[in-house]
Ligand code: AVJ
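Numbering (our numbering), first residue to last: 776 to 1106.
Set out below in structure tokens:
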């Protein structure tokens, strides 16, 4: 994912750690059309709001995936090589991995990769107490950049795990790049278990991102709350509204924050203008058919091994075909 990052004039009070957030925000809001990366939804408030989303009656993906994992964990586990390390990409919590680990006596190590270091360490500590025979080696980092794996699991065969349909946040060509990189990281012969939301009736998709309680709207607007707090901006929350709709031509839910009026403001010293109705595109959530995801995986060096579905959501098991990660480069 390359993107030109415009250098922002920012207040000297900003901590260096906030630098990439500030740069990404200024670059995204200076772009046409305006956009913001969805990874910034997940501050403490955003993570709590997302947790509430997963329990909404309209938001089926989490419930469906958990049910599929509970029902099919033994079948999934039967595909894992003996003495393997389970490497989870951006999971947030080990809740779903625990289902797989509980069913797979062959998993000897668990390596969650996530950008939220504090939560990661806390969750790892609890997991070590609950499963004392499991080696738990969290890695703090951006799972798209794919840091090196810890030495402790260097000799172990790997099983990748990418639940939650987080892969839907990528453009399909980015998803292909991610799958190829993950294949190189995990190695030839490795298995990958991926949760993918399915294309379905647009009204079901629409409701999942426009819940009656307005939690998804709060989750979306919290991005502006975060920018106000962390970057000293003064977005008027009442002047923006949550827009989410299904773009059937591109098989994706789009989330936007729409300006209700013409307005001007400054973010990190950069002047911004909004037309009435102009939006900030905050998220894409791509949906796949079983076949279209298998084709994407196949084109990225992964052979479909098995697919489980309840008709709404799918979990795919893939195997990396020998040397596929070595031959072709990222495109
Ligand atoms: C975590 C990216 C899978 O796309 O459904 C939920 C995020 N956004 N409601 C999704 C989300 C609005 C979620 N993912």
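All C-beta atoms in this analysis are idealised placements derived from N, C-alpha and C, irrespective of residue type, glycine included.
| query | result |
| --- | --- |
| Can you give me the start and stop residues for the alpha helix (DSSP H) that residue 981 sits inside? | 977–983 |
| For residue 799, count the other beta carbons within 10 Å of its own beta carbon; 16 or more makes it buried, fewer makes it exposed. Which is it? | buried |
| Rank 1085, 832, 1086, 1068 by C-alpha distance to the C-alpha of residue 1078 and give the top, closest one. | 1068 |
| Measure the C-alpha to C-alpha separation of residue 795 and residue 1045 and round it to an integer number of angstroms. | 15 Å |
| Output needed for residue 1131: all residues of its chain with C-beta closer than 8 Å, excluding positions within five of it in sequence on either side, in chain order. | Nothing can be reported for residue 1131: it is not among the residues displayed for the chain, which extend from 776 to 1106. |
| For residue 890, which three-state DSSP category applies? | coil |
| Taking just the CA atoms, how far does residue 883 sit from residue 1020? | 43 Å |
| Measure from the alpha carbon of residue 845 to the alpha carbon of each residue in 860, 857, 876, 1003, then state which is nearest. | 876 |
| Where do the N-terminal and C-terminal ends of the beta strand (DSSP E) with residue 991 fall, by residue? | That residue, residue 991, is in no beta strand (DSSP E); its alpha helix (DSSP H) goes 990–1006. |
| Let me check understanding here. Comparing Cα to Cα, which of 1060, 933, 821, 1035 lies closest to residue 1048? | 1035 |
| Given the structure, does residue 984 come close to ligand 1, in the sense that its CB is under 7 Å from one of the ligand's heavy atoms? | yes |
| Since residue 864 sits in a beta bridge, which residues does DSSP pair it with? | 888 |
| Any idea which residues DSSP pairs residue 859 with across the strands? | 882 |
| Could you give the uninterrupted runs of the beta strand (DSSP E) lying entirely in the segment 922–961, keeping only those of 3 residues or more? | 933–937 |
| Is the number of C-beta pairs between the segment 976–990 and the segment 860–872 that are closer than 8 Å three or more? | no |
| Excluding the five sequence neighbours on either side, which residues of its own chain have a C-beta within less than 6 Å of the C-beta of residue 935, listed in chain order? | 862, 957, 961, 967 |
| DSSP has residue 970 in a bridge; who is on the other side? | 1090 |
| Helix, strand or coil for residue 1103 per DSSP? | With a pLDDT of only 49 at residue 1103, under the threshold of 50, the placement of this residue in the model should not be trusted; the figure read from the coordinates follows. Coil, per DSSP. |
| Counting only the same chain and skipping the five closest in sequence on each side, list residues whose C-beta sits under 6 Å from that of residue 856. | 932 |
| Say yes only if the C-beta of residue 979 is nearer than 7 Å to one or more non-hydrogen atoms of ligand 1, and no if none qualify. | no |
| With residue 998 and residue 1057 assumed to form a contact (beta carbons below 8 Å), what rounded beta-carbon distance in angstroms separates them? | 6 Å |
| Which of the three DSSP states, helix, strand or coil, is assigned to residue 794? | Because the pLDDT of residue 794 is 49, which lies under 50, any placement of that residue in the model is unreliable, and the question is left without a value. |
| If you measure between the beta carbons of residue 1087 and residue 973, is that distance less than 8 Å? | yes |
| For residue 1063, I'd like the list of residues in its chain whose CB is within less than 6 Å of its CB, leaving aside the five on either flank, ordered along the chain. | 971 |
| Give the straight-line distance between the Cα atoms of residue 915 and residue 926, rounded to the nearest whole angstrom. | 15 Å |
| Between the segment 981–991 and the segment 816–831, can you find at least three pairs of beta-carbon atoms closer than 8 Å? | yes |
| Are the Cβ atoms of residue 1018 and residue 996 separated by less than 8 Å? | no |
| Does the distance from the C-beta atom of residue 874 to that of residue 917 stay below 8 Å? | no |
| Take residue 1094 and list the residues in its own chain whose beta-carbon comes closer than 6 Å to its own, dropping the five residues that flank it on each side. | 966, 1078, 1080 |
| With residue 1014 as the anchor, note down where its beta strand (DSSP E) starts and where it stops. | Segment: none, residue 1014 is in no beta strand (DSSP E) and carries neither H nor E. |
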